[in-house]
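Engineer: Can you read through this structure? Questions will come right after.
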Amino acid sequence: MKILVIGGGASGAAFSARLRRLDENAEIIIFEKGVYISYATCGLPYYAGDIIKEKENLIMRTPRGFLDRFNIQTRLQTLVEHIYRADKKIQARNLITNETYYESYDYLFFATGASAVIPDFLQTKKDVFPFIHAIRTIPDAETIKTKIKTGQIKKALIIGAGFIGLEMAENLKNSGIETHIAEKTNQVLPNFDREMIEPITKELLDNGIILHLNSEINLIEKNQNNKINILATDYRIDNADLIILAIGIKPEISLAQEAGLNIGKKGLIVDSHARTNDHYIFAGGDAVETNNILGESSIIPLAGLAAKTALIAAENISGILTELKPSLGTAIIKIFNLTAAITGLNEHALKQLDRDVEKLYLHPFDHASYYPGFNKMTLKMLFNPSNGKIYGAQIIGKTGIDKRIDIFSTAIQNNLTCDDLAFIELAYAPQYGSVKDPINIAGMVARNHILGISPITHWDKISKEEFVLDVRTKNECLKWPVEGAVNIPLDELRGRLNEIPKNKKIIVFCQQGLRGHIAVRILTQNSFTAMNISGGYLSHPLQK
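With full-length UniProt numbering, letter number 41 in the sequence shown gets 41, and the count goes up by one each step, no holes.
Take a look at the structure:
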């Protein structure tokens, strides 16, 4: 059996290695148009910023290493120009010698990846191209690293405030460079719900990043100082030395289109076995569309997913029937002293799909508060209020974020419900967690809402007809006042029920939720209709 692999990045390399482990006798050849294979693209911003010192640390396997360890051929700087499906062969061109030749296959794995999106206003501005860089390859990062080390960059603009844009912003700022970010939407990290990223926005500003949100860039031009000027609708940046493009990726699918493979909204369509509409052609990585938990297809450019589609393709070619589960887009990013993580769908996406969705907010500590070194996190979970299905979660904080987002991801992928989260058994010691982990608490809050034990509501849902009850202490009310709320501290509530109207719905809040829950239980069992504001006062600034 002869298998050709188009693309030697994360997906192509993972596919080839897995296939070899499953089939010692297969002939495997990787075609890669670049000069490197099997390297860690996620480390490129940190290589550019000199956190990672040597590029060799990014390279997982060299062509020689692939040959010695796996008996896999690698043809670098070789472009596959055509796929002849009827004849089961490809046409390839050596980019050094310009030699063109054909290679037959039994199976083909398509792993061409994606390239950076270039805005329309830059397409014809060739004089500014030397100042503009993406961060997709080792040569991209090498160029930026060299410019930083040689003092060529004093001021930089990053276009796009997604994961790569923010990682590059931190590395540029830590290198002593005046760093601007331009983002066309009204928030950084657009795949998060807007209220959740307020701490991230503050962290960026506190560390000297200059943000331009709702930014419409109209012109980028070279000036007489051999630098560039950027003109936007409501601001301008003069004498910049560098522009980083981080506005997204575009799947490299022109070869697949020419070959007649089915294309979806943006990328290659594959089935749950990673097979295209051609029985002998499989695909994986950033070039393919995958389905989310609701069956909607999209491009999710994550290294972990690229590796998984590769492994599934290799196993199916080898005769092991394996299926790809729905993609959750589980991702995490460190931004200066904070970490942000997400899994599943956000609230905006769920509302666009017209799903029945409820949300909850928590502000728990990462471990027991009696043990030194605890930090607070902000957690949002989205779920179906009828059956407890978990749709997604977002967490912001300093420590313990990765553990919790991975638990949420595992729960969603395995169809656990909020009820399951409430009782899931997790490791506990005061250095690592609490007796009731934030995961358990999220499940309990959702469960209490679903069962009608303690219904939750939100600051933006309060109406003028409702009675807002603040059960915090008097000192808390003075320090963090809420206009229009009536204060009856929780410990006084039972003796002051006569001060609360029974002809109105009672909206209760405390500082972060627990006392509000207790108050709702007291009120409900005394014939009041009451709801607890999820996340308490600490969620109030998020929803202003």
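Glycine is no exception: its CB is placed at the ideal position from the N, C-alpha and C atoms.
All of these numbers come straight from a predicted model, not from anything done at the bench.
By how many angstroms is the C-alpha of Leu311 removed from the C-alpha of Val5?
Structural biologist: Those two C-alpha atoms are separated by around 13 Å.
Engineer: Look up Arg18 in the DSSP assignment and say whether it is helix, strand or coil.
Structural biologist: The answer is helix: DSSP assigns Arg18 an H, G or I state.
Engineer: Is there a Cβ from chain C that is less than 8 Å from the Cβ of Ala485?
Structural biologist: Absence of chain C from the displayed structure is noted, only one protein chain being present.
Engineer: For Met377, count neighbouring Cβ atoms within 10 angstroms of its own Cβ and tell me buried if that reaches 16, exposed if not.
Structural biologist: Answer is buried; the Cβ neighbour count reaches 16.
Engineer: Using the C-alpha atoms, what's the distance from Phe365 back to Trp480?
Structural biologist: If I take the Cα positions, the gap works out to 20 Å.
Engineer: For Gln257, count neighbouring Cβ atoms within 10 angstroms of its own Cβ and tell me buried if that reaches 16, exposed if not.
Structural biologist: Classification of Gln257: exposed, given that the 10 Å Cβ count is below 16.
Engineer: Could you have a look at Met60 and say whether DSSP puts it in helix, strand or coil?
Structural biologist: The answer is coil: DSSP assigns Met60 none of H, G, I, E or B.
Engineer: Would you be able to state if there are at least three C-beta pairs under 8 Å between the stretch 223–233 and the stretch 191–210?
Structural biologist: Contact fails: fewer than three Cβ-Cβ distances are below 8 Å.
Engineer: Between the stretch 410–423 and the stretch 317–333, can you find at least three pairs of beta-carbon atoms closer than 8 Å?
Structural biologist: Flag = yes, the stretch 317–333 and the stretch 410–423 touch.
Engineer: Please look up how many angstroms separate the CB atoms of Gly260 and Glu289, rounded, as I've assumed it's under 8 Å.
Structural biologist: Not confirmed; about 17 Å, so no contact.
Engineer: Check this for me: beta carbons of Ala240 and Lys155, under 8 Å apart or not?
Structural biologist: In contact: Ala240 and Lys155 (Cβ atoms closer than 8 Å).
Engineer: State the CB to CB distance for the pair Ile450 and Gly392, rounded to an integer number of angstroms; the pair is presumed to be in contact (CB under 8 Å).
Structural biologist: Rounded, the Cβ-Cβ distance is 17 Å, inconsistent with contact.
Engineer: Helix or strand or just coil, what does DSSP make of Ala116?
Structural biologist: Here Ala116 sits in strand by DSSP.
Engineer: Would you kindly report the start and end of the unbroken alpha helix (DSSP H) that includes Asn440?
Structural biologist: That run of the alpha helix (DSSP H) goes 438–450.
Engineer: Whole angstroms is fine: what's the gap from Asn526's alpha carbon to Ala485's?
Structural biologist: C-alpha separation (whole angstroms): 21 Å.
Engineer: Going by C-alpha distance, which of Phe192, Thr417, Ile144, Val188 is nearest Leu172?
Structural biologist: Checked all of Phe192, Thr417, Ile144, Val188; the closest Cα to Leu172 is Ile144.
Engineer: Give a yes or no on whether the C-beta atoms belonging to Thr137 and Gly285 are separated by under 8 Å.
Structural biologist: No, the Cβ-Cβ distance between Thr137 and Gly285 is not below 8 Å.
Engineer: Within the continuous beta strand (DSSP E) that includes Leu231, where are the two ends?
Structural biologist: Unbroken beta strand (DSSP E) run through Leu231: 228–232.
Engineer: Using a 10 Å radius around the Cβ and a threshold of 16 neighbouring Cβ atoms, would you call Lys544 buried or exposed?
Structural biologist: Here the model assigns Lys544 a pLDDT of 48, short of 50, so the residue's position is not dependable, and the following value carries that caveat. Its Cβ having fewer than 16 others within 10 Å, Lys544 is exposed.
Engineer: Figure out for me which residue from Glu492, Ser409, Gly516 has the closest Cα to the Cα of Val445.
Structural biologist: Comparing Cα-Cα distances from Val445 to each of Glu492, Ser409, Gly516, the minimum goes to Gly516.
Engineer: Which residue wins for smallest C-alpha separation from Ile253, given the options Lys359, Ser434, Lys88, Gly113?
Structural biologist: The residue with the shortest Cα to Cα distance from Ile253 is Gly113.
Engineer: How many angstroms separate the CA atom of Ile518 from the CA atom of Thr146?
Structural biologist: If I take the Cα positions, the gap works out to 59 Å.
Engineer: Tell whether a beta-carbon distance below 8 Å holds between Ile37 and Ile30.
Structural biologist: Closer than 8 Å, so yes.
Engineer: Less than 7 Å separating the Cβ of Ile293 from some heavy atom of the ligand SAM?
Structural biologist: For the ligand SAM, the structure offers nothing, since it holds no ligand at all.
Engineer: Give the C-beta separation of Val80 and Leu255 to the nearest angstrom, bearing in mind that I take them to be a contact with Cβ-Cβ under 8 Å.
Structural biologist: Contact holds; Cβ gap of about 6 Å.
Engineer: Please name the residue or residues paired with Glu221 in a DSSP beta bridge.
Structural biologist: DSSP, once it has assigned bridges, lists Asn229 as partnering Glu221.
Engineer: With a threshold of 16 other CB atoms inside 10 Å of the CB of His367, please say whether the residue is buried or exposed.
Structural biologist: Buried: at least 16 other Cβ atoms inside 10 Å.
Engineer: Within the same chain, show all residues whose beta-carbon is closer than 6 Å to that of Gly344, passing over the 5 residues directly before and after it, in chain order.
Structural biologist: Excluding sequence neighbours, Gly344 sits near Leu328, Tyr391, Gly392, Ile412.
Engineer: Within 10 angstroms of the Cβ of Pro501, are there 16 or more other Cβ atoms? Answer buried if so, exposed if not.
Structural biologist: Pro501 is exposed by the Cβ-count criterion.
Engineer: Excluding the five sequence neighbours on either side, which residues of its own chain have a C-beta within less than 7 Å of the C-beta of Thr524, listed in chain order?
Structural biologist: Excluding sequence neighbours, Thr524 sits near Ala530.
Engineer: Whole angstroms are fine: how far does the CA of Ile244 sit from the CA of Ile132?
Structural biologist: C-alpha separation (whole angstroms): 6 Å.
Engineer: Given this structure, state the Cα-to-Cα distance separating Pro430 from Arg404, to the nearest angstrom.
Structural biologist: Approximately 16 Å, taken between the alpha carbons.
Engineer: Among Phe374, Thr417, Ile90, which residue has its Cα nearest to the Cα of Tyr101?
Structural biologist: Considering only alpha carbons, the answer is Ile90.
Engineer: Which residues does DSSP pair with Phe66 in a beta bridge?
Structural biologist: Phe66 is not bridged to any residue.
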